Amino acid sequence: MKQWYRDYGLQARMFLTMFLLAVLYLFFLAVILTFGGGLTYILIVIMLFVLFLQFFFSDRLVLWSTGGRIVSEQEEPRLHETIARLCAIADLPKPKVAIVESNVPNAFATGRSKNSAVVAVTTSLKQKLSQPEIEAVLAHELSHVKNRDMLIITIASFLSTVASLLVQNMLFFGMWGGGGGRDRDRGAGAAIIIFIVAIIVWIISFFLIMALSRYREFAADRGSAVITGQPSHLASALMAISGMMERVPSEDLRKVEGMNAFFIIPAISGKSIMNLFSTHPTIEARIRALSEMERRMEF
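With the first letter of the sequence shown counted as 1, position 165 gets the number 165 in the numbering used here; the numbers rise by one all the way through.
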């Protein structure tokens with residue numbers, strides 16, 4: 001087991017982001033408890049139901065949405081052997097292994113814990129990267145598992161999901177009040193307050209979750225460098241995947257772009273969007289960080 005590399009500046013930024021999310025969500029819950037009236041318990045049940053689905057079924061939903069298929073050691077012996085060897089280095093239980101039939105070169109990890117994790121790669125990535133590059137990508141995904149990133153992002157995003165549902169379905173939840181006269185006016189006023197707060201919570205949490213996701217990508221890159229001992233291999237893989245992404249048909253990219261938060265590199269057609277709205281740091285920033293880490297490892 002190699003010494004796990006710690007970047008205290010990165011850890012501090014992640015902690016601050018998660019702290020701000022916690023404050024935001026406590027504020028959101030306080031507003032619901034104060035103004036929710038008779039619908040308070042219904043809203044809390046909805047929140048718990050959303051959390052239950054995300055926590056226990058996220059791995060199945062991700063595989064289903066990408067068309068991923070769990071493969072045995074007999075089907076993919078080299079992939080299984082590579083992951084088993086990397087897991088031994090990283091002190092991790094071996095996850096399930098999945099293959100996604102896709103022209104988009106990519107990989108992702110999912111699962112709520114180390115014991116329920118799934119690591120998946122696309123057929124395009126297997127075919128087009130060298131073995132050292134594939135190992136670096138797999139080590140990146142295993143770092144997500146080791147750092148419990150899927151669980152953290154799930155917990156961080158579930159109230160944002162609830163806020164989004166409230167904004168989209170306010171009339172369905174009957175939050176514009178009933179009855180007549182003063183009671184109806186109070187109900188309508190409370191509904192408007194919850195509606196406005198839900199919008200604010202969704203917008204702010206969106207940016208905080210994007211920032212948290214980018215920080216965790218940097219941490220997984222560093223984890224890959226520690227596991228393989230070769231930061232340059234991941235840098236090479238990132239450049240190769242980025243270059244190939246530009247040649248993937250737009251139709252193929254659109255099919256999987258909903259899963260960009262899980263991928264090692266977002267499947268985005270054309271030039272990258274503003275970094276503020278991205279789930280990942282820029283390729284240039286990631287390669288600079290890997291180059292700096294390689295320089296430190298030489299001493």
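For every residue, glycine included, the Cβ atom is placed at its ideal position computed from N, Cα and C.
Nothing here was measured: the structure is a model prediction, and the numbers come from that model.
For this session: With distances taken Cα to Cα, identify the nearest neighbour of Phe-57 among Met-18, Ala-117 and Phe-108.
Result: Ala-117
Exercise. Ordered along the chain, which non-local residues of its own chain (more than five positions away) have a Cβ less than 6 Å from that of Tyr-8?
Worked result: A distance below 6 Å between beta-carbons, with the five flanking residues on each side excluded, links Tyr-8 to no residue of its chain.
For this session: Using a threshold of 7 Å, state whether the C-beta atoms of Glu-308 and His-280 are closer than that.
Result: Outside the shown range of the chain, which is 1 to 299, sits residue 308, and nothing can be said about it.
Exercise. Are the beta-carbon atoms belonging to Val-145 and Ala-109 less than 7 Å from one another?
Worked result: Yes, the Cβ-Cβ distance between Val-145 and Ala-109 is below 7 Å.
Problem set entry | Distance CB(Met-150)-CB(Gly-111) smaller than 7 Å | yes
Exercise. When the Cα atoms are used, what is the spatial distance from Phe-19 to Ser-157?
Worked result: 13 Å
Exercise. Going by the CB atoms, is the gap between Ser-242 and Ala-139 shorter than 7 Å?
Worked result: no
Problem set entry | contact_flag[the region 122-129, the region 285-293] where n(CB pairs < 8 Å) is 3 or more | No contact exists between the region 122-129 and the region 285-293.
For this session: May I ask which residues mark the beginning and end of the alpha helix (DSSP H) holding Ala-84?
Result: 77-90
Exercise. Rounded C-beta distance between Leu-21 and Ser-205? I'm assuming under 8 Å.
Worked result: 6 Å
For this session: State buried or exposed for Ile-42, treating a residue as buried only when at least 16 other CB atoms are found within 10 Å of its CB.
Result: exposed
Exercise. Just the Cα atoms here: how many angstroms apart are Asp-59 and Asn-103?
Worked result: 22 Å
For this session: Return the chain-ordered list of same chain residues with a C-beta closer than 6 Å to the C-beta of Pro-231, the five sequence neighbours on each side being excluded.
Result: Ala-225, Leu-290, Met-293 and Glu-294
Exercise. Alpha carbon to alpha carbon, what distance is there between Leu-51 and Phe-28?
Worked result: Using only the alpha carbons, I get a separation of about 16 Å.
For this session: Rounded to whole angstroms, what's the CA-CA distance from Ala-219 to Asn-147? Just pull it up for me.
Result: 8 Å
Problem set entry | Enclosing beta strand (DSSP E) for Val-100 [first to last residue] | 96-100
For this session: Look at the alpha carbon of Val-137 and the alpha carbon of Ile-152, and state the distance between them as a whole number of angstroms.
Result: 21 Å
Exercise. If we count the other Cβ atoms within 10 Å of its Cβ and call it buried at 16 or more, is Ile-203 buried or exposed?
Worked result: exposed
Problem set entry | Span of the beta strand (DSSP E) around Thr-122 | Taken as a continuous stretch (DSSP letters only), the beta strand (DSSP E) holding Thr-122 covers 118-122.
Exercise. To which residues of the same chain is Val-23 closer than 6 Å at the C-beta, ignoring the five residues directly before and after it?
Worked result: Cβ neighbours of Val-23 beyond the five flanking positions: none.
Exercise. Exposed or buried, Asp-91, counting other C-beta atoms within 10 Å across all chains shown (16 or more means buried)?
Worked result: exposed
Exercise. In terms of DSSP beta bridges, what is Gly-68 paired with?
Worked result: Val-100
Exercise. With Pro-93 and Val-119 assumed to form a contact (beta carbons below 8 Å), what rounded beta-carbon distance in angstroms separates them?
Worked result: About 12 Å; that fails the 8 Å criterion.
Exercise. Cα separation between Thr-66 and Ile-265?
Worked result: So the two alpha carbons sit approximately 15 Å from each other.
Problem set entry | Which of helix, strand or coil DSSP assigns to Thr-34 | helix
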